[in-house]
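In terms of this note's numbering, the sequence shown opens at residue 776 and continues consecutively.
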Amino acid sequence: MIDVEELRDCYTNTPSKIVLLVVDGLGGLAHPDTGKSELETAHIPNLDALAQVSACGLTTPVLPGVAPGSGPGHLALFGYDPLKHQIGRGALEALGIEVDLAPGDVAARGNFCTVDGDGLLTDRRAGRIPTELSAPICQRLDRIEIPGVQLDVFSVQDYRFVLRLRGEGLSADVTETDPQVTGAKALAVKPLKPEAQKTADVVNEFVKQAAQLMSEEERANMLLLRGFAKMPALPPMGEVYRLDPAAIAAYPMYRGLATVAGMNVIPTGRTFADEVDTLRSNWDKHDFFFIHYKPADAAGEDGDFDAKVKCLEDLDPFIPEILALEPDVLMIAGDHATPAIMAAHSWHQVPFLLHSKLTK
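Structure (structure tokens):
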């Protein structure tokens, strides 16, 4: 975000309609057999045609050499400095499913995972266990009691959940339990500051009891916690940029990001087709729309090159539908790179496309 106060007086309200389509994990790397990235491999005639009449390039979401998470990557696209405004994913995930975060509460993003008999991780996402199987596990974990703190576990979607801690003297300055690799054990939580010792002890006890409750589960027999955070505060995007912004996203974390940025989060369905329908039906109500496409990132994280190519091809038919609304500006960008050959977020630059009658 531009922090020079004097420049804010230069912003004016206009009747322009702006659409920001974020293709999560858009950036990729060349497949060793073909020398082409996922985007270069995909058959995407509508995007290719649009690129011919648009300004295109590459962006560095945070800093060279930094592999950003989705939170910082999106904040940068929304106009915020992700180094100045650092927001834990726990708070974003909680806000995305409308979990109340009071001052002093700490939220963490949880993944169900799979461990072997030695406690070593074999799948950090428990085979992407569906919500109908993970929600009952959340209900069992929600019954865990630890003196001096209120623990609440909320199902998010598929293998994801939110842990909320409520009580006196809690701190978000603790380490995460996710080692980020398979073949390793979940990590013990450690305090980053002396005043966070209580929180670390509580979380470690919760993980211990949760592991016992989940030990008989076939896939989701352990959990990982990361992104410990309290309720964030950002200058509202609408006030700073003189916009009336709205967000359309199926996944909770991105709704949480939009909430923190002061956007109106419009309810939508679970598919991108639902999101485009929601965009169409709300077109006259806002002048800025953030719309989110998740599948490409999930395929990249799974290390499935062909699946990520297919996800990009599945997006392509929706481009004419968005253009039919005649936005004054359409920006298509990624929040970060998720190369399938790395099966992880990476530090590589990310493609963007900017289309309007004033660009070519």
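C-beta atoms are modelled at their ideal positions from N, C-alpha and C, and glycine is treated no differently.
Residue(s) in a DSSP beta bridge with residue i
| i | result |
| --- | --- |
| ILE1066 | LEU796, ILE1023 |
| MET997 | CYS888 |
| ASP927 | ARG939 |
| HIS1143 | Given that the chain is displayed from residue 776 to residue 1135, the structure contains no residue 1143 and the question cannot be resolved. |
| ALA1004 | ALA882 |
| GLY723 | This structure cannot speak to residue 723, because the chain is shown only from 776 to 1135. |
| GLY802 | ALA1112 |
| ILE921 | VAL924 |
| ASN979 | None, per the DSSP bridge assignment. |
| LYS960 | LEU895 |
| GLN932 | ARG935 |
| ASN1039 | ALA1021 |
| VAL949 | PRO966 |
| SER1121 | ALA1112 |
Residue i to residue j span [Cα, whole Å]
| i | j | result |
| --- | --- | --- |
| MET1117 | VAL794 | 30 Å |
| GLN972 | ARG900 | 28 Å |
| MET776 | LEU988 | Reliability fails at MET776, whose pLDDT of 47 lies under 50, so the model's placement of it is uncertain and no value is given. |
| LEU916 | ALA866 | 19 Å |
| VAL837 | ALA985 | 36 Å |
| LEU804 | GLN914 | 41 Å |
| CYS888 | LEU895 | 10 Å |
| ILE872 | PRO1010 | 22 Å |
| THR897 | VAL1051 | 37 Å |
| ASN788 | CYS831 | 26 Å |
| THR809 | CYS1086 | 19 Å |
| MET877 | MET1028 | Here residue 877 is Ala; the residue named in the question, Met, does not match the sequence. C-alpha separation (whole angstroms): 18 Å. |
| GLU970 | LEU1129 | 47 Å |
| GLU1014 | GLU992 | 48 Å |
| LYS890 | VAL982 | What sits at residue 890 in the sequence shown is Val, not Lys. Answer to the nearest angstrom: the Cα atoms are 14 Å apart. |
| VAL931 | ASP875 | 14 Å |
| ARG1030 | ALA869 | 10 Å |
| ALA1119 | HIS849 | 17 Å |
| PHE929 | ALA1115 | 30 Å |
| LEU858 | PRO843 | 11 Å |
| LEU1090 | LEU796 | 11 Å |
| VAL956 | GLY902 | 15 Å |
| ASP1049 | LYS968 | 44 Å |
| TYR1016 | PRO1102 | 18 Å |
| VAL1040 | THR1034 | 7 Å |
| ILE919 | SER990 | 15 Å |
| ILE1094 | THR1053 | 15 Å |
| LEU833 | GLU943 | 46 Å |
| THR1134 | ALA1082 | 32 Å |
| MET1038 | LEU1100 | 21 Å |
For residue j and residue i, believed in contact at Cβ under 8 Å, the rounded distance
| i | j | result |
| --- | --- | --- |
| VAL924 | VAL977 | 5 Å |
| GLY863 | ALA1004 | 2 Å |
| MET1006 | ASP856 | Contact doesn't hold; Cβ gap of about 20 Å is too wide. |
| GLY885 | ARG935 | 7 Å |
| ASP1110 | SER845 | 5 Å |
| GLU980 | ILE921 | 5 Å |
| HIS818 | GLU1088 | 6 Å |
| VAL1104 | SER1121 | VAL1104 to SER1121, Cβ: 28 Å. No contact. |
| ASP1019 | ASP1062 | 5 Å |
| THR974 | LEU945 | 5 Å |
| ARG1055 | ALA1025 | About 16 Å; that fails the 8 Å criterion. |
| THR816 | VAL1084 | 5 Å |
Reference residue i, options the options, closest by Cα
| i | options | result |
| --- | --- | --- |
| ASP1079 | ARG994, THR1113, THR834 | THR1113 |
| ILE912 | ASP927, PRO922, ILE921 | ASP927 |
| TYR786 | LEU1054, MET1012, ASP1091 | MET1012 |
| PRO1042 | VAL1015, ASP1059, HIS860, ILE1023 | ILE1023 |
| PRO1126 | ASN788, SER812, PRO807 | SER812 |
| LEU825 | ALA882, GLU1096, SER1121, CYS1086 | GLU1096 |
| ALA1036 | ALA1021, ALA1025, VAL874 | ALA1021 |
| ASP893 | GLY810, ARG1045, ALA961 | ALA961 |
| PHE1047 | PHE853, ALA869, PHE1065 | PHE1065 |
| ALA851 | CYS1086, PRO1092, LEU1032 | LEU1032 |
| GLN861 | GLU868, PHE853, ASP1049, PRO847 | PRO847 |
| GLN1124 | VAL841, GLU907, ALA869 | VAL841 |
| ASP1142 | ASP1081, ALA882, ASP1059, ALA995 | Limits of the chain in this structure are 776 at one end and 1135 at the other, which puts residue 1142 out of reach. |
| VAL828 | THR957, THR906, LEU1098 | LEU1098 |
| ASN821 | ILE1107, LEU1100, PRO839, PRO1092 | PRO1092 |
| ALA756 | ASP1059, ARG918, LEU814 | Examination of residue 756 is not possible in this model, given that the chain is present from 776 through 1135 alone. |
| ALA882 | ALA947, LEU858, GLU907 | ALA947 |
| PHE853 | GLU943, ILE1107, THR1134 | ILE1107 |
| SER791 | VAL1040, TRP1058, ASP1049 | TRP1058 |
Assess, as a yes-or-no matter, whether the stretch 989 to 1005 is touched by the stretch 949 to 959 under the definition of 3 or more beta carbon pairs within less than 8 Å. yes
Can you confirm whether the stretch 791 to 808 touches the stretch 1056 to 1069 when touching is taken to mean that 3 or more C-beta pairs between the two stretches lie within less than 8 Å? yes
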